[in-house]
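Engineer:
Residue numbers (the working numbering), protein chains in the order written: chain A, 598 to 1006; chain B, 598 to 1006; chain C, 598 to 1006.
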């Protein structure tokens, strides 16, 4: 159990007491109350185009199988056989023919998870409940989410916030251009604390701050910056109206997320904003790196940003999108998968090249992981004391920590 | 402590609740109530032919030294110096001259474990109790067993069941042709669950099922299979009578082990059975791979199978034998050593070659370890639920789990 | 918590019960009551010659930064930013220009640890207490010690015992010729138990016993050995008087340390003694390996030996000194750093070569670590029982264990 005094120990607008990064009891509680409770981003649906396509991942120690069924529906299951518990699919991804076959005793399952055969069992076996154990799965605008809870929370917030915002981006007709898996030697909370502020961007992400207005508080919320932002918003307004896009964030600095007033236990948000003049997309030189995606036909679309706690954020430009999925690894480590989407009709070498597509977010991601790992080494110390958060640049970190403590309390 | 409800949680004819594969408390209790309680197979006596020959192994964190003394008796000791606790013999195996010498302060011990000298200690030191701490050791029919308990259980069941069955195989005049050590990333119970059924053999061990009748229940217990088995038994009967061998298992499928009715806390069994027509031994092509062993002079001897819980099984044919020893490694891992014996007079290259001797059981072992490791990854999941066991093919798994729970209760 | 019965379980003149080497609770208590309580040797001051020079090390999970300030004072700090806890200096050693800059949000600090700037924080931030968290630091005779405790114990014993003894050796004008870092797979107590007796030296350190009188009890406390020692003392006496050096240890065998009568909770001692005839310094052939150090001008200076619990010992000859610093690594491992000092004016290749300087203590250290690792494997066994200590050769081991139990009780 987590001692009650730990839960009460955090001061508002300060970091989290060190015990939360070091305790096995905290880690176990997070698995149950966060990772096995909320909706987790699993994959873009386009990664499993045909019935029988599957991919696997693990939420801490829990292996999950995601597979497209014969009815085209994508479903998730605990990736283990209901007979003796054996891992069913050892591969990271692949294609299953007619049946999933357990490598141990060759029980077979349909691609919808139903038990098909179990030769060798006694004749009067009650087969009820011997299909694969389902994991709740929902797909919205081409993004697949799963929930390990037996009674998942409402999925409605995803439908409300993601469906209209993401539809124009065409994720449902996209293709995966590339994906990179990372093992970060830092607790997942540190990864979110990093993600929830751009206070570190000026020095930490030189390529990112050239392209975006995120950095613009405190030092940068100058008349000049405001004028540039206003001009950028003016340029986009006509196209947004024409294309039915909505501008959700027109301020400098990060949009508020999580919103402390959001009653949803696992907050979700989507906001569209503009980029700095000269940037048509999130690339190193600001030039487009792939054909237009989905319904978009102009660089004035800006950037759509998505986030859902506890494991997902994405940036979608007119020509590509970058999805980040977090998962807990062994205690103290976080597994991140960064996936680049382009339009489904785009062809590598002809229409886009990885050389130009990847660097912006590969750099940004790796710069962040490095900072998270330095933070992890510091907060492990008995000499660590929670420090003050900036009220102008770390409001989202404070909101994240408040959300977190409510979840595990 | 293991919560009482865990011990009560298993349903008959179902797998073990996941806690038993994941809990540190369970692991600690197993060390005490299984591994430090029962008789453990250590080595074939022929591996230490001369006084002073030794080998070492560890039971979890406990290093053990097995050494043949000047009186030809093989004895085991805790492999540490009674002075400061230092590991005495760091090598896996070797030969000790007149004295065992501790590398730290050069206390010396006879090859029977008695303190011989301890220069540097005070003159009035009481030397009583300063020999090596003994580990109970018994040799039966060329097989050495040890027990870490201060008061070991009866060894009589080994004498009763192994001595008459093994004597004709000539283990006491055998030689070690080869041995392979494996580190299996799976709890030892999963290794036994695997060993206690041949339900997985049809697909898992193609070379094994061609040679043996084990698979023959459910699907295979056909009139044809029964007729073949009857014919094989008929062929062997005359030789067995002549050679004084007993057929202990004349059914299809695995002999019952552990026998739920066996009152012995650590069950032991030996059964002789026949192979499929054309198989003179357990080799890939069925042809003999070494000269006859011991008193055997005919391939009609069949295969003698030995098992003792918690750490030993063996298959002995007319020309060679394969011994498997399990030991607990770090929690969640099992160390297996597979040893091939041939007749003591056989010469490599001339009388046998490893190319032909090893593949049958090397393949079978490695196929099993892989399946055990897949099972280990599945049962670690919070999504794992014990599944039903086949009453026709997994009766020994059920019996094993019953035995296990009785041991740690 | 450590069960009370463990603390009572040790018999006088016997080793420590195995629980003390295996228990996580013991390890946690040692961190608090030993490693975060006492003065720890950090580095020779000459390793940080200029303002801004720094080095880092970790005491278990606690990273520490040692840096020379603009006022020439060497100070230690918790090596983490008071803002978000990020590790400040990732390098093992280096030089900081005007300011220490946190890599995360670029808070800057003076080289004296004061907060200099924190751009991006809110305007009304209370900056009090936002400097680097200090770690108590004292320098004596060129040796820097730190203490993680908020209220460190008296430093006076170091001043009393080290200042006069070390002054002639010139550590404050020395230079680091070389340093080697080791990770020993053994608990730190085993490393001290090894260090506190030379019973293992005869066989364990052949090069060491040729040079020193340490070994000479029991077998070696012969009339011949006594005569040789007396002759060596006679040779040195005149020079010692002339140079103002004091002979603190004129017996055979190790000087008593820790002294059971010492009321200091973290004992400190310095003793000067002589070497075997023909040995001018601790080198393989006994010949000097570097120019005279400090005020010393004769090989008759003998060897000054320093120790302080829990982490320091050193041997200083007329021409060089070897400092050993221990730190706890992950549980069950000890980090050792061995540093060779020569006179500050000595030049490599011209005045000394590492080939001749290093072997004596590199061999001695590595021989010891190997023995400690063998001990660690033995005391981990459930078969380990504390054995008797030699009253003639392990009196300091007994005293060390008594000191240890008093510290964690």
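Note that beta-carbon positions come from the ideal geometry of N, C-alpha and C, so glycine has one too.
Would a C-beta distance cut-off of 8 angstroms place residue 680 of chain C and residue 702 of chain C closer than the cut-off?
Structural biologist: Counted from its first residue, the third chain places residue 680 of chain C at position 83. Counted from its first residue, the third chain places residue 702 of chain C at position 105. Yes; because the gap between Cβ atoms is below 8 angstroms, this pair is in contact.
Engineer: As an exercise, report each continuous beta strand (DSSP E) stretch of at least 3 residues that is fully enclosed by the stretch 898 to 928 of chain C, in chain order.
Structural biologist: Correct list: 900 to 905, 909 to 913 and 918 to 925.
Engineer: Buried or exposed for residue 927 of chain C, please, with buried defined as at least 16 other CB atoms from any protein chain shown within 10 angstroms of its CB.
Structural biologist: Residue numbering aside, residue 927 of chain C sits at position 330 when the third chain is read from its first letter. Label assigned to residue 927 of chain C: exposed.
Engineer: Just to confirm my understanding: we take residue 729 of chain A, look at its own chain, exclude 5 residues before and 5 after, and list those with CB closer than 6 angstroms. What are they?
Structural biologist: As a first step, residue 729 of chain A must be located in the first chain, where it is residue number 132. Cβ within range, chain order: 674, 706 and 710.
Engineer: Give a yes or no on whether the minimum CB-CB distance between residue 647 of chain B and chain C is below 8 angstroms.
Structural biologist: Counting from 1 along the second chain, the entry for residue 647 of chain B is found at position 50. Not an interface residue.
Engineer: Quick one: any contact between the stretch 986 to 994 of chain A and the stretch 718 to 728 of chain C, if contact means 3 or more CB pairs under 8 angstroms?
Structural biologist: Cβ pair count under 8 angstroms is three or more, so yes.
Engineer: What distance in whole Å lies between the Cβ atoms of residue 653 of chain B and residue 678 of chain B, which are believed to be in contact at a cut-off of 8 angstroms?
Structural biologist: Working through the second chain from its first residue, we reach residue 678 of chain B at position 81. Working through the second chain from its first residue, we reach residue 653 of chain B at position 56. Actually they are not in contact, since the Cβ atoms of residue 678 of chain B and residue 653 of chain B sit about 14 angstroms apart, beyond 8 angstroms.
Engineer: Could you tell me which chain C residues have their CB closer than 7 angstroms to the CB of residue 977 of chain A, listed as they occur along the chain?
Structural biologist: One-based indexing of the first chain puts residue 977 of chain A at position 380. Under the 7 angstroms cutoff, chain C gives 658.
Engineer: My output table needs one value for residue 636 of chain A: the three-state DSSP class, helix, strand or coil.
Structural biologist: Start at 1 with the first residue of the first chain, and residue 636 of chain A comes out as number 39. Coil, per DSSP.
Engineer: Quick check: the Cα distance between residue 639 of chain B and residue 999 of chain B, rounded to an integer number of angstroms?
Structural biologist: Here the question's residue 639 of chain B lines up with position 42 in the second chain. Here the question's residue 999 of chain B lines up with position 402 in the second chain. So the two alpha carbons sit approximately 25 angstroms from each other.
Engineer: What residues in the stretch 774 to 802 of chain A have a beta carbon less than 8 angstroms from any beta carbon of chain C?
Structural biologist: Within the stretch 774 to 802 of chain A, the qualifying residues are 790, 796, 797, 799, 800 and 801.
Engineer: List the whole-angstrom C-beta distance separating residue 750 of chain B from residue 863 of chain B, where the pair is believed to meet the contact cut-off of C-beta under 8 angstroms.
Structural biologist: Within the second chain, the letter at position 153 stands for residue 750 of chain B. Within the second chain, the letter at position 266 stands for residue 863 of chain B. With 8 angstroms as the limit, residue 750 of chain B and residue 863 of chain B qualify as a contact, their Cβ atoms being about 6 angstroms apart.
Engineer: Under 9 angstroms Cβ-Cβ, which residues of chain C neighbour residue 850 of chain A?
Structural biologist: The residue given as residue 850 of chain A occupies position 253 in the first chain. Within 9 angstroms Cβ-Cβ: nothing; residue 850 of chain A doesn't reach chain C, min ~11 angstroms.
Engineer: With DSSP as the reference, please indicate the residues paired to residue 775 of chain C in a beta bridge.
Structural biologist: As a first step, residue 775 of chain C is located in the third chain; it is residue number 178 there, counting from the start. In the DSSP output, where bridge partners are listed per residue, residue 775 of chain C has C:937.
Engineer: Return helix, strand or coil for residue 599 of chain A, following the three-state DSSP convention.
Structural biologist: As a working mapping, residue 599 of chain A is identified with position 2 in the first chain. In this structure, residue 599 of chain A counts as coil in the three-state DSSP scheme.
Engineer: Output the distance between the C-alpha atoms of residue 606 of chain C and residue 645 of chain B, rounded to the nearest integer angstrom.
Structural biologist: Here the question's residue 606 of chain C lines up with position 9 in the third chain. Here the question's residue 645 of chain B lines up with position 48 in the second chain. Taking the straight line joining both Cα atoms gives about 39 angstroms.
Engineer: With DSSP as the reference, label residue 691 of chain B as helix, strand or coil.
Structural biologist: Numbered from 1 along the second chain, position 94 holds the residue referred to as residue 691 of chain B. Strand.
Engineer: Hey, could you find the ends of the beta strand (DSSP E) residue 651 of chain C is sitting in?
Structural biologist: Within the third chain, residue 651 of chain C is the residue found at index 54, counting from 1. Taken as a continuous stretch (DSSP letters only), the beta strand (DSSP E) holding residue 651 of chain C covers 650 to 656.
Engineer: For the structure I just gave you, are there three or more beta carbon pairs, one from the stretch 622 to 635 of chain C and one from the stretch 627 to 643 of chain B, closer than 8 angstroms?
Structural biologist: These segments do not touch.
Engineer: Should residue 841 of chain A go down as buried or exposed, given a rule of 16 or more other Cβ atoms within 10 Å for buried?
Structural biologist: For the purposes of this step, residue 841 of chain A is identified with residue 244 of the first chain, where counting begins at 1. Result: exposed.
Engineer: Just to make sure I have the definition right: I need the residues of chain A whose C-beta is within less than 7 angstroms of the C-beta of residue 695 of chain C. Which are they?
Structural biologist: Sequence index remark: in the third chain, residue 695 of chain C carries index 98 (1-based). Within chain A, no residue comes near residue 695 of chain C; the closest Cβ sits about 17 angstroms away, beyond 7 angstroms.
Engineer: Is the beta carbon of residue 613 of chain C less than 8 angstroms from the beta carbon of residue 983 of chain C?
Structural biologist: The sequence position of residue 613 of chain C within the third chain is 16, counting from 1. The sequence position of residue 983 of chain C within the third chain is 386, counting from 1. Against a cut-off of 8 angstroms, the Cβ pair of residue 983 of chain C and residue 613 of chain C comes out as a contact.
Engineer: What residues in the stretch 698 to 710 of chain A bring their beta carbon closer than 8 angstroms to a beta carbon of chain B?
Structural biologist: Correct list: 700, 701, 702 and 703.
Engineer: Where residue 664 of chain B and residue 735 of chain B are concerned, what is the direct C-alpha to C-alpha distance, given to the nearest angstrom?
Structural biologist: Along the second chain, read from residue 1 onward, the residue named residue 664 of chain B stands at position 67. Along the second chain, read from residue 1 onward, the residue named residue 735 of chain B stands at position 138. So the two alpha carbons sit approximately 12 angstroms from each other.
Engineer: If you count every other CB in all the chains shown that lies within 10 Å of the CB of residue 793 of chain B, and 16 or more means buried, which is it?
Structural biologist: Reading the second chain from its first residue, position 196 is the one you call residue 793 of chain B. That one is buried.
Engineer: How would you call residue 902 of chain B, buried or exposed, if buried means at least 16 neighbouring beta carbons within 10 angstroms?
Structural biologist: Residue mapping note: residue 902 of chain B aligns to position 305 of the second chain, counting from 1. Classification for residue 902 of chain B: buried.
Engineer: For residue 664 of chain B, which residues does DSSP report across the bridge?
Structural biologist: Taking the first residue of the second chain as position 1, residue 664 of chain B is located at position 67. The partner list for residue 664 of chain B (beta bridge, DSSP) reads B:651 and B:672.
Engineer: Mind checking if residue 668 of chain B is an interface residue toward chain F, Cβ cutoff 8 angstroms exclusive?
Structural biologist: Structure shown: chain F not included; protein chains present are A, B and C.
Engineer: Quick one: which residues of the stretch 671 to 684 of chain A get their C-beta closer than 9 angstroms to a C-beta of chain B? List them in chain order.
Structural biologist: Taking 9 angstroms as the Cβ-Cβ cut-off against chain B, the residues of the stretch 671 to 684 of chain A that qualify are 674, 675, 676, 677, 678, 679, 680, 681, 682, 683 and 684.
Engineer: Does residue 835 of chain C come out as helix, strand or coil in the three-state DSSP assignment?
Structural biologist: Position 238 of the third chain, counted from the first residue, corresponds to residue 835 of chain C. Here residue 835 of chain C sits in helix by DSSP.
Engineer: To the nearest angstrom, how far is the alpha carbon of residue 958 of chain A from that of residue 878 of chain A?
Structural biologist: The count along the first chain starts at 1 and reaches residue 958 of chain A at position 361. The count along the first chain starts at 1 and reaches residue 878 of chain A at position 281. Rounded to the nearest angstrom, the two C-alpha atoms are 12 angstroms apart.
Engineer: For residue 750 of chain B, name the three-state secondary structure that DSSP assigns.
Structural biologist: The residue you call residue 750 of chain B lines up with position 153 of the second chain. Correct three-state label for residue 750 of chain B: coil.
Engineer: Give every residue of the same chain whose Cβ lies closer than 8 angstroms to the Cβ of residue 970 of chain A, excluding the five residues on either side of it in the sequence, and list them in chain order.
Structural biologist: Residue mapping note: residue 970 of chain A aligns to position 373 of the first chain, counting from 1. Counting only Cβ-Cβ distances below 8 angstroms, and skipping sequence neighbours, we find 781, 782 and 783.
Engineer: Sort C:962, C:621, C:936 and C:898 by Cα distance to residue 600 of chain C and report the nearest one.
Structural biologist: In the third chain, residue 600 of chain C corresponds to position 3, counting from 1. The residue with the shortest Cα to Cα distance from residue 600 of chain C is C:621.
Engineer: If the cut-off is 7 angstroms on Cβ atoms, which residues from the stretch 711 to 726 of chain B count as contacting chain C, listed in chain order?
Structural biologist: Going along the stretch 711 to 726 of chain B in chain order, one finds 716, 717, 718, 719 and 722 with a Cβ nearer than 7 angstroms to chain C.
Engineer: Check whether chain C comes within 8 angstroms of residue 748 of chain B, counting only Cβ atoms and requiring the distance to be less than that.
Structural biologist: Here residue 748 of chain B corresponds to residue number 151 of the second chain, with the count starting at 1. It does not; no Cβ of chain C falls within 8 angstroms.
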